[in-house]
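full-length UniProt numbering applies: residue 1 is where the sequence shown begins, and numbers increase by one.
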Amino acid sequence: MPCTGYRRADSSWHYLGKGPVISESSAPRTVRELGEFALIERINARRVQAPAVLLGPGDDAALVAAPDGRFVVTTDMLVEGRHFRRDWSSPREIGRKAIAQNAADVVAMGAAPTAFVVALGCPAETPVEVVDELADGMWAEAARAGGSIAGGDLVRSPELVVSVTAFGDLRGKAPVTRAGARVGDTVAVAGRLGWSAAGLAALTASADAEEFAEALAAHRVPQPPYEAVLGSSWRAGHSLTDVSDGLLADLGHIAEASGVGIDLDAAALRDPALDALARRLDADAAQWILAGGEDHAFAGTWPSGAELPEGWRAIGRVTAGSGVTVDGARHEGGNGWESFRGADSASGPDPR
1 MPCTGYRRAD SSWHYLGKGP VISESSAPRT VRELGEFALI ERINARRVQA
51 PAVLLGPGDD AALVAAPDGR FVVTTDMLVE GRHFRRDWSS PREIGRKAIA
101 QNAADVVAMG AAPTAFVVAL GCPAETPVEV VDELADGMWA EAARAGGSIA
151 GGDLVRSPEL VVSVTAFGDL RGKAPVTRAG ARVGDTVAVA GRLGWSAAGL
201 AALTASADAE EFAEALAAHR VPQPPYEAVL GSSWRAGHSL TDVSDGLLAD
251 LGHIAEASGV GIDLDAAALR DPALDALARR LDADAAQWIL AGGEDHAFAG
301 TWPSGAELPE GWRAIGRVTA GSGVTVDGAR HEGGNGWESF RGADSASGPD
351 PR
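Right under this line is the structure:
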């Protein structure tokens, strides 16, 4: 019979479901030994769904409420060796990161995350413990974002692959897109910039883990400031985006979609704590901030003179013209991440 409902305690497994107790020595240790359907049951055991998930795992498809008559949807994926390394990040951290980057895209439309579906590929010899921790991370971040895991798929693959699709509710409001920026708008950001890139640089350089602890944490588990958009102080501006590919790249998307230019204030972007870390690695903190990526902060534009919502700070203005400049000049370094160019985040200094 399928074995479901294990709890880990002091590095041994204790069976919590029906049927015979399985000793530590005979408990399944790999996903091959456990099997697909028992693994699915195990992942979903005792999970509590968010209110928007009307029917979760167990049927041919999930049923998710769309009370507004519309829903926001996005998808993104992580591939081992391309986007993460398991000697750099724990399974729980990988799971949280996979959900966070999708939740941030939903929030960047002005929507509240409601549900996620996850497709997971892994080698047959993957320890069951790895999948347990990965699932725990995904559920934890889904809850932080306000949703839950409504279903998914499992498949055997040569390396660990996590593909997430996220859904969101606009709650009766208009979506905030990249296309609404207007000349004269204030450009603002919520969240920290450059810290994920600093963490990646520290990992690449095998830097002191204690000294770079904050940066390492930012790289391993991004912390999108969901409440900066979903909180009670939120007042929608003219445009909005998630900063995932790098500030220059993502503001460039706003500039292009809106038919405007954007000029950033270098002084407003400076982070003294990040400067100190950059000096330790003989690196450029400004490059981390402008092109580092994977911070999953939010950036947007508001009418000039408008009061910014709580948690937002001004970093520039929208201008006539095109592209993104810093103090009126084009940035000399790279602008950010593009999937088919540059190095992998798991092996080099470029993000993701």
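Quick reminder that beta carbons are idealized off the backbone N, C-alpha and C, glycines included.
Handout entry: Selected residue, minimal CA-CA separation from Val128, among Leu216, Gly137, Glu310 and Pro28
Key = Distances from the CA of Val128 to each of Leu216, Gly137, Glu310 and Pro28 were compared; the closest alpha carbon is that of Pro28.
Practice task
Determine the contact status of Gly323 and Val187, defining contact as a CB-CB distance below 9 Å.
Solution key: Going by C-beta atoms, Gly323 is not nearer than 9 Å to Val187.
Handout entry: C-alpha distance - Asp50 paired with Asp282, whole-angstrom precision
Key = A small correction: the amino acid at residue 50 is Ala; Asp does not occupy that position in the sequence shown. Distance from the CA of Ala50 to the CA of Asp282, rounded to the nearest whole angstrom, comes to 46 Å.
Practice task
Out of Asp68, Asp153 and Gly194, state which residue places its alpha-carbon closest to the alpha-carbon of Leu290.
Solution key: Considering only alpha carbons, the answer is Gly194.
Handout entry: Beta-carbon proximity of Ala145 to Ile99, cut-off 9 Å
Key = Their beta carbons are under 9 Å apart, which means Ala145 touches Ile99 by this criterion.
Exercise for the section: Just tell me which of Ala268, Pro57, Trp234 and Val183 has its CA closest to the CA of Ala255. Expected result: For the residues Ala268, Pro57, Trp234 and Val183, the minimum Cα distance to Ala255 belongs to Val183.
Problem - Rounded C-alpha distance that separates Phe116 from Gly172 - result: Whole-angstrom Cα-Cα distance: 21 Å.
Problem - Nearest-angstrom Cα separation, counted from Gly292 out to Val176 - result: Answer to the nearest angstrom: the Cα atoms are 24 Å apart.
Practice task
Measure how close the beta-carbons of Ala297 and Gly147 come, nearest whole angstrom, since I'm counting them as under 8 Å.
Solution key: Contact doesn't hold; Cβ gap of about 20 Å is too wide.
Practice task
Assess, as a yes-or-no matter, whether the segment 219–233 is touched by the segment 100–119 under the definition of 3 or more beta carbon pairs within less than 8 Å.
Solution key: Between the segment 100–119 and the segment 219–233 there are three or more inter-stretch CB-CB distances shorter than 8 Å, so the stretches are counted as touching.
Practice task
Kindly indicate the opening and closing residues of the beta strand (DSSP E) around Ala65.
Solution key: Counting along the chain, Ala65 falls outside any beta strand (DSSP E), and DSSP gives it neither H nor E.
Handout entry: Burial state of Ala141 (16 or more Cβ within 10 Å)
Key = Here residue 141 turns out to be Glu, not Ala, going by the sequence shown. For Glu141, the number of other beta carbons within 10 angstroms of its own is at least 16, and it is reported as buried.
Handout entry: Test: Val106 CB closer than 9 Å to a CB of chain E
Key = Reference to chain E is not applicable here, since this structure consists of a single protein chain.
Exercise for the section: Tell me whether the beta-carbon of Glu36 lies closer than 9 Å to the beta-carbon of Glu159. Expected result: With contacts defined as CB atoms closer than 9 Å, Glu36 and Glu159 fail to qualify as a contacting pair.
Problem - Pick from Asp295, Ala52 and Leu264 that is closest to Pro67, judged by C-alpha positions - result: Considering only alpha carbons, the answer is Ala52.
Handout entry: Contact between the segment 74–88 and the segment 148–167 (3+ Cβ pairs under 8 Å)
Key = Verdict: yes, contact present.
Exercise for the section: Select from Val48, Arg46, Arg279 and Tyr226 the residue whose C-alpha is nearest the C-alpha of Trp312. Expected result: Answer by Cα proximity: Tyr226.
Problem - Rounded separation between Ala278 and Glu33 - CA only - result: Cα to Cα, the separation comes out at about 46 Å.
Handout entry: Length of the line joining the Cα atoms of Trp302 and Ala181
Key = Taking the straight line joining both Cα atoms gives about 8 Å.
Practice task
Rank Pro309, Gly152, Ala166 and Arg70 by C-alpha distance to the C-alpha of Ser233 and give the top, closest one.
Solution key: When each option's Cα is compared against that of Ser233, the closest is Pro309.
Practice task
Please state whether DSSP places Pro113 in a helix, a strand or coil.
Solution key: In the structure shown, Pro113 sits in a strand (DSSP, three-state: E or B).
Practice task
Within 10 angstroms of the Cβ of Val21, are there 16 or more other Cβ atoms? Answer buried if so, exposed if not.
Solution key: Residue placement at Val21 is poorly supported in this model, since its pLDDT is 39, which falls under 50; the coordinates still yield a value, given next. The residue in question, Val21, is exposed, as its Cβ has fewer than 16 Cβ neighbours within 10 Å.
Handout entry: Reduced DSSP category for Leu251 - H, G, I as helix; E, B as strand; rest coil
Key = Helix at Leu251.
Handout entry: Minimum C-alpha distance to Gly137 - residue among Asp153, Val118 and Ala320
Key = It is Val118 whose Cα lies nearest to the Cα of Gly137.
Handout entry: Euclidean distance between Cα positions of Ser23 and Thr30
Key = For Ser23, the predicted structure reports a pLDDT of 41, less than 50, and the residue's modelled location is therefore unreliable. The matter cannot be settled from this model.
Exercise for the section: Measure from the alpha carbon of Glu211 to the alpha carbon of each residue in Ser304, Gly316, Val106 and Arg280, then state which is nearest. Expected result: Measuring from the Cα of Glu211, the nearest candidate turns out to be Arg280.
Problem - Ser239, enclosing beta strand (DSSP E) - first and last residue - result: Counting along the chain, the unbroken beta strand (DSSP E) around Ser239 starts and ends at Ser239 to Val243.
Exercise for the section: Might you give, ordered along the chain, the residues of its own chain that have their beta carbon closer than 7 Å to the beta carbon of Ile315, omitting 5 neighbours on each side? Expected result: The residues are Val187, Ala188, Val189, Leu264, Asp265, Ala268 and Leu269.
Problem - Sub-9 Å separation of Ala179 and Ser90 beta-carbons - result: No.
Problem - Three-way DSSP call (helix, strand, coil) for Val260 in this model - result: For Val260, the three-state secondary structure derived from DSSP is coil.
Problem - Per-residue DSSP class, three states only, for Glu332 - result: Glu332: coil per DSSP, three-state reduction.
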